[in-house]
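Asks:
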Amino acid sequence: KDGTVVWAGIGLYKGPDSPDDPYGIAVAIRHNFGFDRRQLYTIYAHMDRVDVSVGQTVKAGDQLGIVGNTGFTTGPHLHFEVRLERNSYYVTRNPELWLAPPQGWGVLVGRWMKADGSLIRLLDVRVASAELKRSWVVRTYAPESVNSDDYYRENLVLSDLPAGEYTLQFSYNETDYQTRFNILPGAITYITFREGFGFSNRLPDASSSNNLWQPVEP
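Under our numbering, the first residue of the sequence shown is numbered 354, with each subsequent residue one higher.
And the structure:
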């Protein structure tokens with residue numbers, strides 16, 4: 354989708370001319386679409402250089418720069434963020450929910466709760482595929498580490514899973530839990546767990562969010 358470059362260079366977090374900025378060299382794009390009438394921004398950080406300038410219009414496929422190792426990082430990689438409503442670190446969302454999975458793959462999204470309905474934090478959940486003979490471990494969100502999506506209100510995301518049948522296992526309060534689920538191509542599989550109530554595949558009430566893409570005035 355098209356967008357406008359609103360930041361290019363050092364200082365995205367701390368401000369201009371901050372050589373110790375944690376994002377290093379970064380690009381921020383304000384997109385020409387949003388969610389629930391809120392503006393959408395994407396961030397590309399730790400770059401080696403930028404090839405765009407503030408005010409420039411860009412579209413999908415345009416090169417923004419080169420992957421690098423600037424800022425607070427342990428090695429070369431691209432740091433990608435999604436921000437909703439304003440260009441601020443404090444309104445980020447999990448970018449795994451905003452990226453289309455590879456063809457034939459899907460995404461697991463979950464909400465893990467205690468008996469009182471509060472979120473279970475920092476719990477390791479093992480996801481395994483007997484067909485692929487592979488397993489993954491995903492951890493529920495730490496406090497104040499990731500902002501949940503307004504619709505899913507998740508605290509667990511595992512993306513890029515090949516379509517097929519999976520087993521999910523974890524231990525909580527000295528009790529072992531397990532369930533099976535299917536990943537469908539290009540789709541989200543949504544699971545909730547609540548201590549004392551078990552598992553559910555019921556989607557959130559759509560009235561809590563219209564869940565529609567809408568154009569946003571620049």
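All C-beta atoms in this analysis are idealised placements derived from N, C-alpha and C, irrespective of residue type, glycine included.
A quick note: this is a predicted structure, and the numbers were derived from the prediction, not measured.
Spell out a yes or no on whether the region 494-504 and the region 517-532 are touching, meaning 3 or more CB-CB pairs, one atom from each, closer than 8 Å.
Replies: With the cut-off at 8 Å, the region 494-504 and the region 517-532 do not touch.
Asks: In the DSSP output, which residue or residues are listed as bridge partners for Tyr525?
Replies: Per DSSP, Thr528.
Asks: Run the CB neighbour count on Asn572, radius 10 Å, all protein chains shown included, and call it buried at 16 or more, exposed below.
Replies: This structure leaves residue 572 out entirely; the chain is present only between 354 and 571.
Asks: For Glu601 and Thr445, what's the separation of their Cα atoms in angstroms?
Replies: No answer is possible for residue 601: it lies beyond the span of the chain, which begins at 354 and ends at 571.
Asks: Is there contact between the region 418-431 and the region 478-487, where contact requires at least three CB pairs shorter than 8 Å?
Replies: At 8 Å Cβ cutoff, the stretches do not touch.
Asks: Measure the alpha-carbon distance for Gln392 versus Lys354 and round it to whole angstroms.
Replies: Approximately 13 Å between the Cα atoms of the pair.
Asks: Within 10 Å of its beta-carbon, does Trp566 have 16 or more other beta-carbons around it, so buried, or fewer, so exposed?
Replies: Interpretation of Trp566 is limited by its pLDDT of 36, a score under 50 that renders its predicted location unreliable; the figure taken from the coordinates is listed afterwards. Trp566 should be labelled exposed.
Asks: Which of the three DSSP states, helix, strand or coil, is assigned to Leu349?
Replies: Nothing can be reported for residue 349, as the shown portion of the chain is limited to 354 through 571.
Asks: Please check the pair Arg506 and Pro557, which I expect to be a contact at CB under 8 Å, by giving their CB distance rounded to whole angstroms.
Replies: Indeed they touch by this definition, with Cβ atoms about 7 Å apart.
Asks: Am I right that Leu514 and Gly551 are in contact with their C-beta atoms under 8 Å? What's the rounded C-beta distance?
Replies: Not quite, the Cβ-Cβ distance comes to about 22 Å (not below 8 Å), so this is no contact.
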